[in-house]
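Take a look at the structure set out below.
Residue numbers (the working numbering): 45 to 250.
Written out as structure tokens, the structure reads:
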């Protein structure tokens, strides 16, 4: 029987996620993430942040969703449908919703029909203590997929991890996050129906 007094505090870290990824490909865990200490450590340091950002971009993670109101940086020609320019926050990985009828992306800017502009986005969250368990599992699987070939040379293992990530883990996590984004009496489909039935005013972006 496990002696609970010997258990360490459950505070997830990048090292924990890397070790979870290594376990998925049958490799031994690391004691620390030091780039030049071993092949496993070097590859984890190389691939961890790209895998983290990719996984963040692939779902509407509630822990990483930020709502903000942007002020216009500058105005374009007055006859344009999107005369106002807004600079995206530095930590914005993916724009989710923009509360405006006319808008478009242009590099790291949003062009919109009016100002100020309310929007929500996925932020570049690095602190592993903010990750939810489903995200950590998804990230570990995505990282394991990247590590599989250079660490084991096993193409079948890499393909299996790719399928597990895209067909099982990510869809399940995305579904749970979509549901918990709404209150108990406000299902996402009901919210969509309300928007479809609401009177449409093309000049009202708020």
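C-beta atoms are modelled at their ideal positions from N, C-alpha and C, and glycine is treated no differently.
Quantities reported herein were computed from a predicted structural model and do not represent experimental measurements.
| query | result |
| --- | --- |
| Using a threshold of 7 Å, state whether the C-beta atoms of residue 187 and residue 65 are closer than that. | yes |
| Would you mind reading off the limits of the alpha helix (DSSP H) that contains residue 62? | 58 to 68 |
| DSSP three-state label for residue 8, please. | Coverage of the chain is limited to positions 45 through 250, which leaves residue 8 absent and any answer about it impossible. |
| Check residue 220 in the structure and name its three-state DSSP category. | helix |
| I'd like to know if residue 70 contacts chain C, where contact means its C-beta is closer than 7 Å to some C-beta of that chain. | No chain C appears in the structure shown, which is made up of a single protein chain. |
| Helix, strand or coil for residue 72? Go by DSSP, reduced to three states. | coil |
| Count the other CB atoms, across all protein chains shown, that sit within 10 Å of the CB of residue 152; report buried if there are 16 or more and exposed otherwise. | exposed |
| Taking the beta carbon of residue 72 as the centre, do at least 16 other beta carbons fall within 10 Å, making it buried, or is it exposed? | exposed |
| When you compare the CB positions of residue 106 and residue 224, do they come within less than 7 Å of one another, or not? | yes |
| Return the CA-CA distance between residue 168 and residue 196, expressed in angstroms with no decimal places. | 30 Å |
| Among all the DSSP beta bridges, which residues are the ones paired with residue 110? | 165 |
| Quick check on the burial criterion: 16 or more other C-beta atoms within 10 angstroms. Buried or exposed for residue 117? | exposed |
| Is it the case that the Cβ atoms of residue 146 and residue 126 are separated by a distance below 7 Å? | yes |
| So which of 198, 177, 112 and 193 has the shortest CA-CA distance to residue 16? | Residue 16 is absent from the structure shown; the chain starts at 45 and stops at 250. |
| Between the C-alpha atoms of residue 89 and residue 75, what's the straight-line distance to the nearest angstrom? | 13 Å |
| Bridge partners of residue 174, per DSSP? | Its beta-bridge partners do not exist; DSSP assigns none. |
| Between the alpha carbons of residue 26 and residue 162, how many angstroms are there, rounded? | It is not possible to answer for residue 26, since the shown part of the chain is limited to 45 through 250. |
| Do residue 184 and residue 58 come within 7 Å of each other at the CB atom, strictly closer than that value? | no |
| Only counting the same chain, and skipping five residues up and downstream in sequence, which positions put a Cβ closer than 7 Å to that of residue 63? | 73 and 74 |
| Using the C-alpha atoms, what's the distance from residue 60 back to residue 49? | Low confidence applies here, because residue 49 scores a pLDDT of 45, under 50, leaving its location unreliable; read the following figure in that light. Cα to Cα, the separation comes out at about 20 Å. |
| Can you give me the Cβ contacts of residue 102 inside the same chain, cut-off strictly under 7 Å, excluding the 5 residues immediately before and after it? | 214 |
| Could you check what DSSP says for residue 84 in three-state terms: helix, strand or coil? | helix |
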